[in-house]
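Residue numbers (the numbering used here): 107 to 571.
Ideal placement from N, C-alpha and C gives every residue a C-beta, glycine not left out.
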């Protein structure tokens with residue numbers, strides 16, 4: 107059978123005057139022209155724009171804004187001086203209430219479109235008390251262009267660094283450390299890595315900061331070689347003088363031809379190789395590469411929600427994809443088995459348990475899939491917690507949950523509504539139902555979405571019924 111031909115009503119280079127109708131899940135504006143979908147990056151609903159078509163496919167096109175002839179009435183002035191050129195945030199020009207409404211709609215749309223699951227509107231949400239200055243970690247890209255040092259974040263879809271003296275989503279001490287490091291890199295004439303020619307030394311800057319303990323860790327990502335001792339001493343002295351208590355400087359060595367930020371080798375140059383973070387009464391041992399939620403206040407809200415859903419007697423708990431053990435330790439007092447593929451994360455989890463005198467948690471290295479048989483053979487799993495990466499759970503795990511693990515309660519935490527909807531559909535097809543669902547706004551000003559779902563093993567029924 108011959109392939110169906112699509113009539114694309116626009117061509118590259120064509121200019122159109124359109125009104126932006128809504129937002130895609132990517133945070134880009136959407137317009138339609140003769141039934142054809144056009145994505146309009148940096149636009150918000152209600153904007154009237156003149157745009158140039160820069161890409162066409164059979165299903166959609168992409169426009170570049172040439173002129174905004176009438177801005178949307180709902181627009182607000184973003185705090186960031188490089189918004190929207192920096193690809194880190196996409197929603198700073200929307201009022202916070204509209205950001206929440208957008209995220210609620212994305213979750214509801216993906217549940218219905220991908221998972222064939224309808225949820226009552228509006229989705230209950232835990233908004234952020236602080237929509238700015240919440241992030242506890244930053245990974246800064248570093249480049250040198252035309253002899254000028256750039257430190258910041260990559261523009262969307264490129265490897266061009268948008269130079270920024272500060273980021274308004276970061277805790278202020280992180281901005282302070284970035285400014286000091288910038289000045290010292292220039293003063294000490296540190297060679298900057300060129301990823302095209304694969305030459306140079308300094309590749310990136312990572313800063314972790316705990317607002318609870320006020321501890322700060324700096325990571326200097328380089329190729330093979332050693333940093334000047336006077337550079338390290340100046341970094342420590344100037345950071346302390348600026349009122350930021352520094353607890354460690356770590357050199358991470360990444361000599362690979364890759365866009366992955368961190369290499370496999372660390373060298374502690376000053377102080378220690380970790381900081382202590384604290385959420386509620388629980389302390390966490392965080393090394394440079396540890397994955398930890400970036401919004402401490404919202405993380406406490408999420409963990410408290412999980413604890414509420416698990417109930418006062420959660421029984422035997424399995425925390426799949428446990429990372430450094432955040433959820434596991436939050437549920438301490440009950441037997442919890444945390445499972446994680448990263449050896450470094452497991453090490454941090456074990457150290458955190460010792461730090462808090464917690465003996466009820468054990469941590470296993472490896473994938474959850476490799477532990478399914480052992481878990482099933484060791485008795486009933488009362489509460490299963492899933493917090494996978496963006497790709498979601500494997501089909502093997504989704505099939506094994508109802509057939510082998512048979513938990514009485516499932517709590518699924520997701521940073522990707524699309525894969526969440528896919529996995530929920532698989533679970534609901536095999537004997538589970540959605541009992542509760544919350545959006546936890548972990549990432550204000552961005553299009554990223556954190557969702558928590560409670561499932562129970564009863565015949566799947568429409569929760570909207």
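Counting only residues of its own chain and dropping the five nearest sequence neighbours on each side, residue 475 has a CB closer than 7 Å to the CB of 500, 502 and 503. Taking a 10 Å sphere around the C-beta of residue 182, we find fewer than 16 other C-beta atoms and assign the residue as exposed. At a Cβ-Cβ threshold of 8 Å, residue 457 and residue 441 do not count as neighbours. For the 8 Å CB-CB criterion, residue 248 and residue 298 form a contact. The shortest C-alpha to C-alpha distance from residue 225 to any of 541, 251 and 547 is the one to 541. Restricting attention to beta strand (DSSP E) runs no shorter than 3 residues, the stretch 397-428 encloses them at 423-426, ordered along the chain. Runs of the alpha helix (DSSP H) lying entirely within the stretch 492-543 and spanning at least 4 residues, in chain order: 501-506 and 523-534. For residue 383 and residue 319, the gap between their C-alpha atoms comes out near 6 Å.
Linking residue 253 to residue 408 through their CA atoms gives a straight-line distance of about 45 Å. Under the 8 Å Cβ criterion, the stretch 502-521 counts as touching the stretch 474-489, having at least three qualifying pairs.
Around residue 158, the same chain offers 121, 170 and 172 as residues with beta carbons nearer than 6 Å, after the five sequence neighbours per side are excluded.
The residues 296, 326, 357 and 375, in chain order, have a CB closer than 8 Å to that of residue 333 in the same chain once the five nearest residues on each side in sequence are set aside. Assignment of beta strand (DSSP E) within the stretch 192-259, counting only whole runs of 3 or more residues, yields 243-251 in chain order. The stretch 390-397 and the stretch 529-539 do not touch, with fewer than three beta-carbon pairs separated by less than 8 Å. DSSP, read as helix, strand or coil, puts residue 308 in strand.
The Cβ-Cβ distance between residue 166 and residue 148 does not fall below 8 Å. By the CB criterion at 8 Å, residue 152 and residue 130 fall outside the cutoff. Where residue 434 is concerned, there is no enclosing beta strand (DSSP E), although the alpha helix (DSSP H) around it starts and stops at 432-436. Between residue 353 and the set 424, 133, 314 and 282, the nearest pair of CA atoms involves 314. Residue range 449-461 is occupied by the alpha helix (DSSP H) that includes residue 453, with no beta strand (DSSP E) assigned at that position. With respect to the 8 Å criterion, residue 200 and residue 150 are classified as neighbours on the basis of their beta carbons. For the 8 Å CB-CB criterion, residue 145 and residue 194 do not form a contact. Scanning its chain for C-beta atoms nearer than 7 Å, with the 5 sequence neighbours on each side dropped, one finds around residue 222 the residues 531, in chain order. Contact check for residue 291 against residue 307 fails: the beta carbons are separated by 8 Å or more. Scanning the stretch 113-195 from its first residue to its last, the whole beta strand (DSSP E) runs of 3-plus residues come out as 121-125, 135-139, 142-146, 154-162 and 166-176.
Rounded to whole angstroms, residue 511 and residue 561 show a C-alpha spacing of 14 Å. Residue state for residue 365 is assigned as coil, using DSSP reduced to three classes. Shown here for residue 125: same chain residues with a beta carbon closer than 6 Å to its own, the five before and five after excluded, namely 154 in chain order. Around the beta carbon of residue 302, fewer than 16 other beta carbons lie within 10 angstroms, which makes this residue exposed. Secondary structure of residue 283 (DSSP, three-state): helix. Beta-carbon to beta-carbon, residue 282 and residue 348 are separated by about 5 Å, close enough to satisfy the 8 Å threshold. Scanning its chain for C-beta atoms nearer than 7 Å, with the 5 sequence neighbours on each side dropped, one finds around residue 367 the residues 245, 310 and 327, in chain order. According to the DSSP assignment, residue 476 belongs to the alpha helix (DSSP H) that extends over 474-483. The residue among 264, 400, 287 and 331 with its C-alpha nearest the C-alpha of residue 343 is 287. A straight-line Cα-Cα distance of about 14 Å links residue 136 and residue 174.
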